[in-house]
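Peer 1:
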Amino acid sequence: MLLPDEMLSLQQTWLETSLGQYLLAKEQALYDQAVVDLFGFNALQMGFLQMDLLRNSRIPHRFKSSEFTNELIANHLRCCDDFLPFADMSLDLLILPHRLEFSERPHQTLREAERVMMPEGHLLISGFNPYSSWGIMAGISKRLSCRKSFAKKFPQRFPWCGEFISLARMKDWLKLLGFEIISVQMSCHVPPFEQALWHRRFTFMDRLGERCCNILGGDYFIVAKKRVVGMTPLKPNWKKTPLKSALVIKPTQSRPSQKKILKTNNKK
Numbered sequence: 035m036l037l038p039d040e041m042l043s044l045q046q047t048w049l050e051t052s053l054g055q056y057l058l059a060k061e062q063a064l065y066d067q068a069v070v071d072l073f074g075f076n077a078l079q080m081g082f083l084q085m086d087l088l089r090n091s092r093i094p095h096r097f098k099s100s101e102f103t104n105e106l107i108a109n110h111l112r113c114c115d116d117f118l119p120f121a122d123m124s125l126d127l128l129i130l131p132h133r134l135e136f137s138e139r140p141h142q143t144l145r146e147a148e149r150v151m152m153p154e155g156h157l158l159i160s161g162f163n164p165y166s167s168w169g170i171m172a173g174i175s176k177r178l179s180c181r182k183s184f185a186k187k188f189p190q191r192f193p194w195c196g197e198f199i200s201l202a203r204m205k206d207w208l209k210l211l212g213f214e215i216i217s218v219q220m221s222c223h224v225p226p227f228e229q230a231l232w233h234r235r236f237t238f239m240d241r242l243g244e245r246c247c248n249i250l251g252g253d254y255f256i257v258a259k260k261r262v263v264g265m266t267p268l269k270p271n272w273k274k275t276p277l278k279s280a281l282v283i284k285p286t287q288s289r290p291s292q293k294k295i296l297k298t299n300n301k302k
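Take the working numbering: the last position of the sequence shown gets the number 302, and nothing is skipped along the way.
1) So, residue 253 versus residue 160, is the Cβ gap smaller than 8 Å?
2) Is any non-hydrogen atom of the ligand ATP found closer than 7 Å to the C-beta of residue 60, if you look at the structure I gave you?
3) Per DSSP, residue 96 is paired with what?
4) Rank 122, 198, 155 by C-alpha distance to the C-alpha of residue 175 and give the top, closest one.
5) Comparing C-alpha positions only, which one of 244, 243, 220, 49 sits nearest to residue 256?
6) Could you have a look at residue 153 and say whether DSSP puts it in helix, strand or coil?
7) Work out the CA separation of residue 231 and residue 118 for me, nearest whole Å.
8) On the CB-based measure, 16 or more other CB atoms within 10 Å of its CB, does residue 136 come out buried or exposed?
9) Would you call residue 50 buried or exposed, if buried means 16 or more other Cβ atoms sit within 10 Å of its Cβ?
10) Taking the alpha carbon of residue 214 as the reference point, which residue from 195, 164, 156, 248 has its own alpha carbon closest?
11) Could you please give the first and the last residue of the uninterrupted alpha helix (DSSP H) stretch that includes residue 231?
12) Leaving out five residues before and five after residue 79 in sequence, what residues of the same chain have Cβ atoms less than 6 Å from its Cβ?
13) Is residue 139 helix, strand or coil by DSSP?
14) Looking only at C-alpha atoms, which of 74, 258, 43 sits nearest to residue 94?
15) DSSP three-state label for residue 203, please.
16) Across the segment 200 to 219 and the segment 236 to 246, are there enough close Cβ pairs to call them in contact, namely three or more that are closer than 8 Å?
In structure tokens:
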């Protein structure tokens with residue numbers, strides 16, 4: 035694993051390329067659309083501080099955190115994603131843009147996310163799809179960097195140095211922690227060409243991928259909600275009779291029926 039300052043340098047350099055700008059544009063649109071309808075009091079974005087993913091949020095208290103400090107990138111706190119400095123059930127919205135594939139312990143990161151989130155709070159995750167052209171590129175880059183003869187020519191670069199997590203595995207992890215998957219969207223269907231010319235030639239694959247093979251997108255975006263066992267919303271039962279007020283005066287004795295009157299007259 036790379037050191038945090040090395041990861042920041044590689045990340046910043048890659049995001050300035052045409053491929054990095056392509057990813058930023060796609061993900062910014064997804065986050066802007068998702069956060070606008072989520073409400074609460076406290077929201078946190080962890081990592082990828084080059085993007086303001088909470089800019090469309092209506093939550094009043096919005097924070098950004100990172101594992102390292104940088105003068106060029108503003109953040110509110112520095113913390114490790116394995117142990118968050120927040121109380122239990124204190125966040126209404128938590129954003130994890132590409133944090134899990136670069137985390138040393140992604141399971142612990144998700145457990146911390148579940149701990150600090152409020153019941154019915156929302157968790158937004160974006161990650162690279164290993165079963166795509168982006169995943170193939172990551173596999174090739176890792177194999178070349180492992181060989182000594184290619185290590186100098188093909189060093190570890192962002193984002194290919196991360197451990198990509200499949201969408202199916204991510205869903206399983208979230209369900210085990212009690213999260214409900216609200217929606218899943220795929221993006222970045224263009225192969226990861228680093229040359230801007232080749233990237234422009236294959237822009238049609240975004241439209242084609244959304245229609246035909248959406249699951250093969252290079253990037254997935256998950257919106258999940260934290261569910262708490264034992265908390266069930268109460269719904270009114272309209273079939274039951276309405277409650278009778280105790281203030282209504284009720285007769286203590288019902289009127290005698292006609293049959294009773296006839297019987298008493300016959301006895302007389």
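For glycine and all other residues, C-beta sits at the position ideal for the given N, C-alpha and C.
Peer 2: Let me spell this out:
1) Counted from its first residue, the sequence shown places residue 253 at position 219. Counted from its first residue, the sequence shown places residue 160 at position 126. Yes, these two residues count as a Cβ contact at 8 Å.
2) Ligands are entirely absent from the displayed structure, and the ligand ATP is therefore not among its contents.
3) Residue mapping note: residue 96 aligns to position 62 of the sequence shown, counting from 1. 77.
4) Within the sequence shown, numbered from 1, the residue matching residue 175 stands at position 141. Closest by alpha carbon: 198.
5) The count along the sequence shown starts at 1 and reaches residue 256 at position 222. The option with the nearest alpha carbon to residue 256 is 220.
6) Working through the sequence shown from its first residue, we reach residue 153 at position 119. Reduced to three states, the DSSP call for residue 153 is strand.
7) Sequence index remark: in the sequence shown, residue 118 carries index 84 (1-based). Sequence index remark: in the sequence shown, residue 231 carries index 197 (1-based). Each residue's Cα considered, the two are about 43 Å apart.
8) Numbered from 1 along the sequence shown, position 102 holds the residue referred to as residue 136. Buried.
9) By one-based count along the sequence shown, residue 50 stands at place 16. Counting Cβ neighbours within 10 Å, residue 50 comes out exposed, since fewer than 16 surround it.
10) Residue mapping note: residue 214 aligns to position 180 of the sequence shown, counting from 1. Looking at the Cα atoms, 156 is the closest of the given residues.
11) Translated into positions along the sequence shown, residue 231 becomes position 197. From DSSP, the alpha helix (DSSP H) with residue 231 extends over 230 to 235.
12) Position 45 of the sequence shown, counted from the first residue, corresponds to residue 79. Cβ within range, chain order: 87, 88, 98, 129.
13) In the sequence shown, the residue the question calls residue 139 occupies position 105. If DSSP states are grouped into helix, strand and coil, residue 139 belongs with coil.
14) By 1-based counting over the sequence shown, the position of residue 94 is 60. The residue with the shortest Cα to Cα distance from residue 94 is 74.
15) Here the question's residue 203 lines up with position 169 in the sequence shown. Correct three-state label for residue 203: helix.
16) no
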